[in-house]
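Number of protein chains: 4
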Amino acid sequence: MPNLYNRIQGRSLERLAALSDGIFAFAMTLLVLDLHIPTAAQVHSEGELLAALGGLGPQWIAWGMSFLTLGIFWAGQQTQLNHIGDGTRDLTWIHLGFLFAVTLLPLSTRLLAEFIRYRSALLIYWLNILIMGAMLYCSWAHATHAGLVKDDTPDEVRASICKRILIAQSLYAGGAALCAINTWVSIGAIVLVQLNFALAPGLWWRKEH
Amino acid sequence: MPNLYNRIQGRSLERLAALSDGIFAFAMTLLVLDLHIPTAAQVHSEGELLAALGGLGPQWIAWGMSFLTLGIFWAGQQTQLNHIGDGTRDLTWIHLGFLFAVTLLPLSTRLLAEFIRYRSALLIYWLNILIMGAMLYCSWAHATHAGLVKDDTPDEVRASICKRILIAQSLYAGGAALCAINTWVSIGAIVLVQLNFALAPGLWWRKEH
Amino acid sequence: MPNLYNRIQGRSLERLAALSDGIFAFAMTLLVLDLHIPTAAQVHSEGELLAALGGLGPQWIAWGMSFLTLGIFWAGQQTQLNHIGDGTRDLTWIHLGFLFAVTLLPLSTRLLAEFIRYRSALLIYWLNILIMGAMLYCSWAHATHAGLVKDDTPDEVRASICKRILIAQSLYAGGAALCAINTWVSIGAIVLVQLNFALAPGLWWRKEH
Amino acid sequence: MPNLYNRIQGRSLERLAALSDGIFAFAMTLLVLDLHIPTAAQVHSEGELLAALGGLGPQWIAWGMSFLTLGIFWAGQQTQLNHIGDGTRDLTWIHLGFLFAVTLLPLSTRLLAEFIRYRSALLIYWLNILIMGAMLYCSWAHATHAGLVKDDTPDEVRASICKRILIAQSLYAGGAALCAINTWVSIGAIVLVQLNFALAPGLWWRKEH
């Protein structure tokens, strides 16, 4: 019975959620470690301090965008896990692959902040987002296929999760493609896509009407 | 049904709490990373070591104050979440905004420790506290408005949470305004406000009488 | 009813435990960040690499000792919280004070590793242990006094927790006092005390007989 | 009753799991901190950036291998704890020993990335894996011997856990022994062993037939 161990592995979705929360929490907090503030030796007045902080512009943008990215993917993973009743070793490893990409995001962010005008830096950042999206897609496809989804999950929910990932990734890919013009346009488009997911203005608009 | 995904998102308050605990734990521990102790090459006797540690004064003050700040806001968020029964995607994003400000606090602390006589550094620190307070206020206002508060929460509790935030933020704003005199007065006032919330001497006084 | 907020605060022992686990986890992992390995430029053969790693002796000792310290205090806090049924704001702030000292331990460790022959570095390290012990003592005294201890906790357990802290702190104080001879004797004594608590050889001996 | 404290200690497997998740999460995220990307001053074109990133080869390999290692041991520990019903102080300390080795892995990884052609660096890395495996073996042996395993755990599961550890460690030892040829062969073999455990291709093959 050589596969027995594989069958008993990865049962605990609670621990998977706890590991994920830990990794997201560190990755979110780590982003700040890369914001290098000026030292007292470099700055001689209040005006110079504010100017130096303002000069960190690209770092602030990369930092804010990455926090949004992590928030969106954390919420997305949580939504999936809420609807999954059982864990398997395959599901565990798909999510470890997802978390692998999450731990990479602070590095992609640092790269983008350092080389904010370089298309390759932006495309590496987008690739990171793409991998996270692809792993979440695999996770839900596997959960649906292997019958791990909770019975009380309505059919619309099952369909909406994959659809959501495909729409989001299409928008990200479109945003990344805009780096053909230049990287600032591309970053602006990605931030807009993310603010749309985070703030959901369409949702508010519909509530009002 | 384009809003379905938004309705199923952010249900799990347990995971929000776990992410928050992770971020607070990391932010609290990170503060220490910025305390730079002298190296063996710089110090040649026990007396010089103690003098060098004493010379880190501003760093120690900023560090202690920030730990108090994080403790107060952690306790405040916990109190709210204890009384909220259901999560929504809007509540999740309000708290992600709150956590965004929490991850910024180690950076504001570093800035304040480096430029402890600069009013702009102090005002940025205060702005950070203000944003955290504002997000917690939004969170409770949203929870009350959207009917997420647990049914067994007494009316006085509902009122006391927003009142508490307003009082605390008024005291912080008053403390920050004292930087018109100088930043040390301002820091002293903020620390006193925080010790009052942490130690609650009034509470002890009342118990005795 | 100005004290209402104070009465509803700090109810959730689960979140206190989660915050503690996060802080202990980071503090334990942070210790390793201070172990500076040699770089490729400094080392030209396998022999030199092993010699360079061996030369980090004081760092390894301080690191091992601190991991033991954190393990002992983590286990001690857990034992207490397992027997406490309700949280209060005072208990929360006592434990935040405890965690404050925990976040300081990586710094005391770095100081001790850098100045391992300095009595003041050793006494600061011991002071850190003393504060952690004192906060845990306060925590249990408060829990007993305020009636927070679970009803099914036997009387011997109630007594044994404070007694244990007093014995451990007496041994630590004795170990620290040995720095009158020199710091290595003192460190050796503290490590022996800790190994005794971790491995509990007396317990094994008694089982055999 | 001097042993009472030892008997009441370490009861909470939930907190042990939470501490473990925190340490694994931090260790996994820390790995990335050691990937040093080039700075803007060193790089003058998109081509140079990609070349510089490619030049980090050994770092990427060490990083990927260590994430796999941590994932495998996290899943292994989880599987064990899922089948253990009660905690004891001895079990707690065995797992603290395991976590001690986990916190060491980012350091072994850094050492291996810096000295990827040195046999001693590879053997230290392997020693780290060996200690983690040995502690998990001790944990299960202790749990079986002390009757902590849940009653509903089938006999095959009890046997398969220790067998799995022995097989995995034999493969790791064989991989490490290949450094007699050179370290790259050895690293290749270890990565193949790990991918086998993570992806379990045999499992998929059997499902198909």
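Residue numbers (the numbering used here), protein chains in the order written: chain A, 170 to 378; chain B, 170 to 378; chain C, 170 to 378; chain D, 170 to 378.
Yeah, the Cβ is synthetic: ideal placement off N, Cα and C, and Gly gets one too.
It should be emphasised that the depicted structure is a prediction, and the values quoted were computed from it without experimental measurement.
Is the shortest distance between the beta-carbon of residue i and the beta-carbons of chain D less than 8 Å?
i: TYR341 of chain A; result: no
i: GLY226 of chain A; result: no
i: ALA196 of chain A; result: yes
i: ASN251 of chain C; result: yes
i: VAL360 of chain C; result: no
i: LEU280 of chain A; result: yes
i: PHE388 of chain C; result: What the structure shows of chain C is the stretch from 170 to 378, and residue 388 of chain C is not part of that stretch, so it cannot be assessed.
i: ALA349 of chain A; result: no
i: TRP295 of chain A; result: no
i: SER181 of chain A; result: yes
i: TRP262 of chain A; result: yes
i: TYR306 of chain A; result: no
Do you know offhand how far residue i's Cα is from residue j's?
i: SER380 of chain A; j: HIS264 of chain B; result: There is no way to answer for residue 380 of chain A, as the model of chain A reaches only from 170 to 378.
i: PHE195 of chain D; j: ALA310 of chain C; result: 34 Å
i: HIS252 of chain D; j: MET301 of chain D; result: 19 Å
i: ASP190 of chain B; j: SER277 of chain C; result: 24 Å
i: PHE267 of chain C; j: PHE242 of chain B; result: 17 Å
i: ILE230 of chain C; j: TRP353 of chain C; result: 10 Å
i: LEU364 of chain A; j: ASN297 of chain B; result: 21 Å
i: PRO171 of chain C; j: ARG288 of chain C; result: Confidence at PRO171 of chain C is low in this model, with a pLDDT of 42, below 50, so the placement of that residue is unreliable and no value is reported for it.
i: GLY226 of chain A; j: LEU199 of chain C; result: 30 Å
i: GLY223 of chain A; j: ALA303 of chain D; result: 53 Å
i: GLY254 of chain C; j: LYS319 of chain C; result: 5 Å
i: HIS314 of chain C; j: ARG327 of chain C; result: 11 Å
i: GLY343 of chain C; j: LEU335 of chain C; result: 12 Å
i: PHE366 of chain A; j: LEU305 of chain B; result: 21 Å
i: ILE206 of chain B; j: LEU218 of chain B; result: 9 Å
i: ILE356 of chain D; j: CYS331 of chain C; result: 51 Å
i: LEU317 of chain D; j: GLN228 of chain D; result: 41 Å
i: GLU325 of chain C; j: LEU299 of chain D; result: 41 Å
i: TRP295 of chain D; j: VAL201 of chain C; result: 18 Å
i: GLY216 of chain D; j: ILE293 of chain A; result: 14 Å
What do you reckon, is the C-beta of residue i under 7 Å from a heavy atom of the ligand MN?
i: PHE236 of chain C; result: Absence of the ligand MN from the depicted structure is noted, as is the absence of any ligand whatsoever, leaving it without description.
So is residue i in contact with chain B if we call contact Cβ pairs under 8 Å?
i: THR272 of chain A; result: no
i: THR352 of chain C; result: no
i: PRO207 of chain C; result: no
i: PRO323 of chain C; result: no
i: PHE159 of chain C; result: The displayed coordinates of chain C run from 170 to 378. Any statement about residue 159 of chain C would go beyond what the structure contains.
i: GLN338 of chain A; result: no
i: LEU335 of chain A; result: no
For chain C, check one thing: does any of its Cβ atoms lie closer than 8 Å to the Cβ of residue i?
i: LEU188 of chain D; result: yes
i: GLY191 of chain B; result: yes
i: GLN211 of chain B; result: no
i: THR313 of chain D; result: no
i: ARG184 of chain B; result: no
i: GLN363 of chain B; result: no
i: ALA290 of chain D; result: yes
i: LEU276 of chain D; result: yes
How many whole angstroms separate the CB atoms of residue i and residue j, which I take to be in contact at a CB cut-off of 8 Å?
i: LEU119 of chain D; j: VAL362 of chain D; result: What is shown of chain D runs 170 to 378, which leaves residue 119 of chain D out entirely.
i: LEU239 of chain D; j: LEU274 of chain D; result: 6 Å
i: LEU291 of chain B; j: ALA345 of chain B; result: 7 Å
i: LEU203 of chain D; j: ARG279 of chain D; result: Sequence inspection shows Asp at residue 203 of chain D; the Leu mentioned does not correspond to that position. With 8 Å as the limit, ASP203 of chain D and ARG279 of chain D qualify as a contact, their Cβ atoms being about 5 Å apart.
i: GLN247 of chain B; j: ARG184 of chain C; result: 5 Å
Would you kindly check if the distance between the Cβ of residue j and the Cβ of residue i is under 8 Å?
i: SER329 of chain D; j: GLN249 of chain D; result: no
i: ALA358 of chain D; j: LEU347 of chain D; result: yes
i: ALA187 of chain A; j: ALA187 of chain B; result: yes
i: ALA379 of chain A; j: PHE284 of chain B; result: Any answer about residue 379 of chain A is impossible in this case: the structure gives chain A only from 170 up to 378.
i: MET197 of chain D; j: THR272 of chain A; result: yes
i: SER181 of chain C; j: GLY256 of chain C; result: yes
i: ALA312 of chain A; j: LEU260 of chain A; result: yes
i: PHE269 of chain B; j: PHE193 of chain A; result: no
Report yes or no: is there a C-beta of chain A within less than 8 Å of the C-beta of residue i?
i: PHE242 of chain B; result: no
i: VAL318 of chain D; result: no
Every unbroken beta strand (DSSP E) inside the stretch 288-364 of chain C [3 residues or more]: none
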